[in-house]
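Let me begin by presenting the structure, written as structure tokens, before commenting on it.
Residue numbers (this note's numbering), protein chains in the order written: chain A, 1 to 292; chain B, 293 to 584; chain C, 585 to 876; chain D, 877 to 1168.
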């Protein structure tokens, strides 16, 4: 299949590579040239501007949020590409519900098929092709994209409205954040009474909470593993702010999300901007309790 | 084995029955006579006062919290029973960390072996013998209790200090409450944007959150299942207040616990006192967002 | 003095009128024509576009926030007016700290003197000329503006950096919101125990809290006065979001502000969008407690 | 008048002294002997046990909370004193609403007139006789107490139910705590942007918030005045916990109170247990924002 791929960041570079390895002809664009070169070395074809990547049967985009997506789709006039209306645009970025609606309207106006397909999973999962992908858009367009998405992970379909995929992605990430804060507070609580957090998590995370989120992040929290993630908190704040914004759009207050927002700021004020948010939130909980 | 069993409530009655069925001679006491009669019909022996049940190799107690436990252990002078020092007292009640410490001191003074063994699990799990039991106490005493506990569920050992089992039970329940609130808020969020909560949970609770707590409570929340639990909120409030108290003992603030406390009050003010807390918290989140 | 005046809303129309009455020649512009006509009837001179009002010794602007101010100052290219650099621009709008900084840079580039002078006070105070005005900007520019501001209210000077006035205005409004929520919760608390809120406020608001904010809003809360304010909540949310944004700029978490944000959403979800925020927040507190 | 006085702590010692100075015959009791001796030196008469002070026309008690009051009134069987039913008992302690109700029932049973008269004001105000006193109880009893209370401060009457005075005292203190946190957050906010808190408070606390609470505590916060108050935080926590308990009694959630509780724990975890709560809360807000 001939496809376009826009956005070769920590996630997109792995995803595009998987498409190349699967034998597709992939036209790639990225804001920075180095990532493009790496993909070309794997067999991809370089595009000089985003619009050039708007070609083939399917175009996948993976950008870092509303700002980057707006710069490319709106300011970069990607949808004005000559053959845009012949492709299906599958945007896998995490964007706001409001912007997903705006993009739906814009694609309709430009007569380009639009599918939203945000993902759960970190760069390792992107590399392994084991992302969880939430897909929403017109059936016909989704059908065309499915064979491609199968290389990237497991697909969950969610009907025809792109913004539904967006809100599911946002709500799911909120649930992750809540799980982290719950573990952070619980770890501080048991530690303050002399119990090792690892002993505690060994019990609850192997029974009631025997799920990937708890087990992977629980280990980081228990062992105070200083996991470096460049701009990790900025990403976490983006996600929590997306939840708060989506709630505000419909008058839904989310007190746990508000607390997470406050705690992420606390973490940033204490030099954890470049750490995984599990580590950062655990530091906040322990620091408040005087546990260091 | 000859054992005592104090407290035949929704949990204890099933647990004592399992011990009887396993062939043990079980001397039972309960505040209300009806529950005693039911156990006697299964083969247990009735005790007129708690102190009479303080006999045999092991005495298990399962009471509804600090108040009930204090009434029996302190006011009822159970530890003054003639052969108390020959038994091992295994208290499986959920009690405060402070009271666990007080009981440790009292047992030491009275020379009665004391093991704390609070459990995770609801009455169905008590009936099925599939509780998760957190055990802490002197090794020798724990060893004597283990064969008995094996009839009741899976055992997790946690060292020699009884209060450590107490804080682990409390922190684990806090994590459950946080998971419920996280699902309640997320369900309200996706619903406000037109996505069914069941569609959302089908995705996240079968992947990142594929764990018993999420799957069982997620169904209640998604389907707005009006699960009746007599005094359900009072029990939930007891548990969250235990977490807040354990935190306050050591100056550890727990913002998610504080939020849960507030939301449980909101639920109680809106006639959900006798509902499962998952249902009640979901109602709070939806009501605040005007979703009904 | 010859002055310009941009923005004749609920506040600005009174303020401009006061300048006219004081004998100044006032060139007014407003997005809607009706407000301009009313001022012209009082003796002001109409401007067709904002840039036409950028004339005279001082130009005052009073717009409804970042969006409106950006539309006029940036998109409307007001600072490119022919004689802009001969005037002093006194912006009395409530805007974000970030935008105040941006405006400072823009004015410097365009060589227009810029003074920030946001106000505390509602339309009645604007009418009465009793606003509290927080003024920051270059001394010379401030000196030129002072005689004019004297017609509008009491001036508090705060140094040379315009954004300092902005953050003081924002923080002061946060304090008002906190006072409202404090009264809302306290009123619900005493009422739930059978004490009239008015009896309670008669005590505390005449002693410890004998201040205008408490006395005026306390009466609204106690008497459940259904004060209609078109888009009242939107304005309140704007102000609280400005506080949260200013905090986030510098990693300062503001838990009371977060709570206010959540409660304002709750109010909006319950049809209080067009009410004074004191009334709306009191409704939230009472509704949560089942007091209606 | 012949009166009894029970409880000579930081507040009670000044209050009893004022009664002595006003010419009354005051029979005093206190748990510690030293305070009794100081009052005797002023002209009071010493009592060996609390019950001995239960005499005369009016008996005033000023104890440090439920625990101390319970020890004296219930365990100390003060109401069983021979002439108890001839006196009017005016309890000026800050106690829970629930305990005020319990005391009402107990006094009724023992046929002793009971007036609740908790106060707003710190030891300096007790010394100066400028307390604000909230009085509730049977009219006849209150009338007898009024001449005495006039020596201690300004009286606000609140009907016949003693617990009404209790909840008003509790709600008023909650409002103080909220004002402190509001100032703490606002101070952190303006400081993070380079504005001195004192410059900010000079504006808002002399206009909208021109009230004693804001002006006295605002100075402490702005100047980071390290005000030592032995067990200051314990007292503050007692008061906030009273509010939370009174709310929980009637299902009223108080989110600002919950936040205050959390922040006081944070302060305690950071060695501010013996500081005024204004100073302690300001430290929490600044520390979270990385401002030190």
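We put the beta carbon where it would ideally sit given N, CA and C, even for glycine. Computed from a prediction, not measured in an experiment: that's the story for all the values here.
Would residue i count as contacting chain D if we go by Cβ distances under 8 Å?
i                      : result
residue 177 of chain A : no
residue 573 of chain B : no
residue 521 of chain B : no
residue 290 of chain A : yes
residue 850 of chain C : no
residue 388 of chain B : no
residue 269 of chain A : yes
residue 756 of chain C : yes
residue 862 of chain C : no
Of all Cβ atoms in chain B, is any one closer than 8 Å to the Cβ of residue i?
i                      : result
residue 162 of chain A : no
residue 841 of chain C : no
residue 203 of chain A : yes
residue 303 of chain A : Nothing can be reported for residue 303 of chain A: it is not among the residues displayed for chain A, which extend from 1 to 292.
residue 132 of chain A : yes
residue 182 of chain A : yes
So which of the options has the shortest CA-CA distance to residue i?
i                      : options                     : result
residue 839 of chain C : D/1165, D/976, D/879, D/966 : D/1165
residue 566 of chain B : B/576, B/519, B/549         : B/519
residue 115 of chain A : A/121, A/59, A/237          : A/59
residue 820 of chain C : C/678, C/694, C/592, C/792  : C/678
residue 755 of chain C : C/786, C/776, C/826         : C/826
residue 181 of chain A : A/152, A/168, A/280, A/131  : A/280
residue 258 of chain A : A/71, A/238, A/269, A/271   : A/238
residue 477 of chain B : A/269, A/142, A/229, A/248  : A/248
residue 781 of chain C : C/727, C/796, C/806, C/690  : C/806
residue 173 of chain A : B/409, B/481, B/377         : B/481
residue 353 of chain B : B/319, B/501, B/326         : B/319
residue 388 of chain B : B/553, B/579, B/560, B/537  : B/537
Hey, is residue i's beta-carbon within less than 8 Å of any beta-carbon in chain C?
i                       : result
residue 1090 of chain D : yes
residue 485 of chain B  : no
residue 489 of chain B  : no
residue 261 of chain A  : yes
residue 252 of chain A  : yes
residue 1085 of chain D : yes
residue 248 of chain A  : yes
residue 918 of chain D  : no
residue 1113 of chain D : no
residue 1032 of chain D : yes
residue 1061 of chain D : yes
residue 1119 of chain D : yes
Is DSSP giving residue i helix, strand or coil here?
i                       : result
residue 987 of chain D  : coil
residue 825 of chain C  : helix
residue 716 of chain C  : strand
residue 1061 of chain D : helix
residue 639 of chain C  : coil
residue 46 of chain A   : strand
residue 317 of chain B  : strand
residue 937 of chain D  : strand
residue 586 of chain C  : strand
residue 199 of chain A  : helix
residue 252 of chain A  : coil
residue 1044 of chain D : helix
Just checking my contact of residue i with residue j at CB under 8 Å: how many whole Å lie between their CB atoms?
i                      : j                      : result
residue 850 of chain C : residue 817 of chain C : The pair is not a contact, with the Cβ atoms about 10 Å apart (cut-off 8 Å).
residue 100 of chain A : residue 50 of chain A  : Not really, about 19 Å apart at Cβ, beyond 8 Å.
Step through the CB atoms of chain A and report whether any lies within less than 8 Å of the CB of residue i.
i                      : result
residue 492 of chain B : yes
key: chain B contacts made by the stretch 690-710 of chain C, where a contact means CB separation under 7 Å   = Those would be none; no residue qualifies.
query = Listed in chain order, which residues of the stretch 305-331 of chain B have Cβ atoms closer than 8 Å to some Cβ of chain A?
reply = Listed in sequence order: no entries.
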